[in-house]
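Going by the numbering used here, the first residue of the sequence shown is number 1134, and it counts up by one from there. A short worksheet on the structure shown next.
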Amino acid sequence: MSRSNEQKWPIPKSVNEVENYMKQRVGLGKSFDFGVRKLKILKKDVHIYYVNGLCDSRFVIELIEELVEINDHEKLSSDFFKVIENRLINQSVEQATTLDYIVDKVLSGLVAVVLEGENTAFVVDVRSYPGRQPQEPDTEKVVRGSRDGFVENIILNTALTRRRIRDERLRFEMLKVGERSKADVALGYLEDVADPDMVNVIRKEIQAINTDGIPMADKTIEEFILKQGWNPFPLVRYTERADIAATHLLEGHVVIYVDTSPSVIITPTTYFHHVQHAEEFRESPAMGTFLRWTRFLGVLTSILLLPLWMLFVLEPSLLPERFSFIGPNETTNIPIIVQIFLADFGIEFLRLAAIHTPTPLSTAMGLIAAVLIGQIAISVGLFVPEVILYVAVAGIGSFTTPSYELSVANKIGRLTLLILVSLFHLPGFVIGATVFFLFLVKIRALNTPYLWPFLPFEPKGFLQIIVRRAIPGSILRPSIVHPRNRYRQPPKANEK
């Protein structure tokens, strides 16, 4: 049966014809998880189709019991269709007129009730996807704040968001992506706040996705929407925290939820969105500002510390005499640039090893690698102590940002600067830093300047980036998202 030019097959009145269609289309009888329960209600056949593991068996049993009881309470002369419809007491019941619709719904975890002699079937939502319960994300922990994070269930994720925004104007548009996967993708936005042009652009990009499936979930959606190419810098922000997603929705952003993914996509975003953390907004404005500046310093350190130190090693005359201790105090046969790359990639090896090492062993593995191997490498003359020190500080700085994607992109920029400095010394650093900055200026994510509000410069937006303002003082929404309603708080209320 061809799927490229699919025909919508109406539901036949014979339940046996429906069963034969299911055998051909979805492998009923071959696939162990796709099942059918056959009932006799008022001397007519009723077939219930379901997928084991995707629906709640308790509700299915209750549904069967409710239908079987019809034989004891209804007469044969009753309207068969109406009797069945009134007995389906589930909160979500739809009518279906095509077999294709039934198949798509059953494969999504719903059950289909097919009636003999009727061209219309019922689809009952009894979905219960396997998965874990909400818990705090490992990469976005806070000292104070909620401990519930997104999971691999799109229904739970949208519910966590709606619990925080109980607004009738909050929209979750459900879309289907993938010829075979038919994955659920929800487009979340506030109807009276989000830019309608941005919503339309993202909706059209998602609807235009033509692929067999999206097993990598949100990452696949991102690549189809943004067409990032070889640009290493993240053009969207990922988060597993429902409070962060709700905050961005209130600002006017569009949030994309993908089933089977514990993270959501926030659009549009800039470079500075990736260096923000929920902890800043859980503390006082003074503490939040201090944490933000510390994070900015960590990001700058991760990019510039090693290239600058390498430059001063190669050009000691650039340093004032009082800072002459910065260079290596020991001679070595291995070039400094080689030592830096070995140590830098060593940290990357440690990170990868920690990911693939069982949790009880990862701490011990990290201590052994960092302490023993590092100390032995210095003792045998492979590294000078200063290399280990500065590489470690730069590595710590890269972990100050909650965005893993941004930390890796910054690391690529750092390594590029190191190569240019080792080859061309001071001109290499100046040219490399300039090209790095211009590259960031050129990036536009969904037609949004990547370095806003620094370039193009907007004083109010720049002040909000530098200083964590108190919530009562945050009256306006960021202009970068082009909100339909600029005011987060009504002006009259502020005047009071």
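Even glycine gets a Cβ: it sits at the ideal position worked out from N, Cα and C.
Asked: State the start and end residues of the unbroken beta strand (DSSP E) segment that holds Y1638.; Found: Residue 1638 cannot be examined here, being either before or after the span of the chain that is shown, 1134 to 1629.
Asked: Hey, how far is the Cα of V1614 from the Cα of R1601?; Found: 19 angstroms
Asked: Excluding five sequence neighbours on each side, which residues of the same chain lie with their C-beta closer than 8 angstroms to the C-beta of Q1224?; Found: D1258
Asked: Should R1610 go down as buried or exposed, given a rule of 16 or more other Cβ atoms within 10 Å for buried?; Found: buried
Asked: Alpha carbon to alpha carbon, how far is Y1234 from F1255?; Found: 11 angstroms
Asked: Taking the straight line between their C-alpha atoms, what separation do you get for I1511 and L1573?; Found: 37 angstroms
Asked: Would you be able to state if there are at least three C-beta pairs under 8 angstroms between the region 1268-1275 and the region 1372-1380?; Found: yes
Asked: Taking 8 angstroms as the threshold, find out whether the region 1522-1541 comes into contact with the region 1350-1358 through three or more Cβ pairs.; Found: no
Asked: Does the region 1382-1391 come close enough to the region 1309-1319 to have 3 or more Cβ pairs within less than 8 angstroms?; Found: yes
Asked: So, do the region 1434-1447 and the region 1299-1312 have three or more beta carbon pairs nearer to each other than 8 angstroms?; Found: no
Asked: Anyone know if the C-beta pair for V1554 and L1444 falls short of 8 angstroms?; Found: yes
Asked: Taking the alpha-carbon positions, what's the I1335 to R1260 distance?; Found: 28 angstroms
Asked: Count the other CB atoms within 10 Å of the CB of T1230; is the residue buried (16 or more) or exposed (fewer)?; Found: exposed
Asked: Please report the residue range of the beta strand (DSSP E) in which A1229 lies.; Found: V1226 to A1229
Asked: Let me know the secondary structure DSSP gives R1425 once reduced to three states.; Found: helix
Asked: When DSSP labels each residue in this structure, what does P1143 get in the three-state scheme?; Found: strand
Asked: Mind checking D1477: buried by the 16 CB within 10 Å criterion, or exposed?; Found: buried
Asked: How would you label A1578, buried or exposed, when you count the other beta carbons within 10 angstroms and need 16 or more for buried?; Found: buried
Asked: For M1155, count the other beta carbons within 10 Å of its own beta carbon; 16 or more makes it buried, fewer makes it exposed. Which is it?; Found: buried
Asked: Count the other C-beta atoms from every protein chain shown that fall within 10 angstroms of the C-beta of M1331, then say buried if there are 16 or more, exposed otherwise.; Found: buried
Asked: Can you tell me where the beta strand (DSSP E) holding F1167 begins and where it ends?; Found: F1167 to I1174
Asked: With a floor of 4 residues, list each alpha helix (DSSP H) that falls wholly inside the region 1354-1440, ordered by position along the chain.; Found: 1375-1384 and 1411-1415
Asked: Identify the residues that DSSP records as bridge partners of A1254: which are they?; Found: A1229
Asked: CB-CB under 7 angstroms to E1384, same chain, minus the five flanking residues each way: which ones, in chain order?; Found: R1610, P1611 and V1614
Asked: How would you label T1344, buried or exposed, when you count the other beta carbons within 10 angstroms and need 16 or more for buried?; Found: exposed
Asked: Can I1598 and F1423 be called in contact, C-beta distance under 8 angstroms?; Found: no
Asked: Can you name, in chain order, every residue of its own chain whose Cβ lies under 6 angstroms from the Cβ of F1357, other than the five neighbours on each side?; Found: I1342
Asked: Could you say which of R1277, V1276 and T1291 lies nearest to F1283 if we only look at CA atoms?; Found: T1291
Asked: With DSSP run on the structure shown, which of helix, strand or coil describes D1345?; Found: coil
Asked: For H1206, count neighbouring Cβ atoms within 10 angstroms of its own Cβ and tell me buried if that reaches 16, exposed if not.; Found: exposed
Asked: Helix, strand or coil: how does DSSP classify D1330 here?; Found: helix
Asked: Considering only residues of the same chain and omitting the five flanking positions on each side of I1469, which have a CB-CB separation below 6 angstroms?; Found: V1446
Asked: If we ignore side chains and look at the alpha-carbon of each, how far apart do M1420 and I1509 end up?; Found: 40 angstroms
Asked: How many Å lie between P1589 and D1328 at the Cα?; Found: 20 angstroms
Asked: Please state if the CB of A1379 and the CB of R1297 are separated by a distance shorter than 8 angstroms.; Found: yes
Asked: Could you check if L1293 is buried or exposed, using at least 16 other CB atoms within 10 Å of its CB as the buried criterion?; Found: buried
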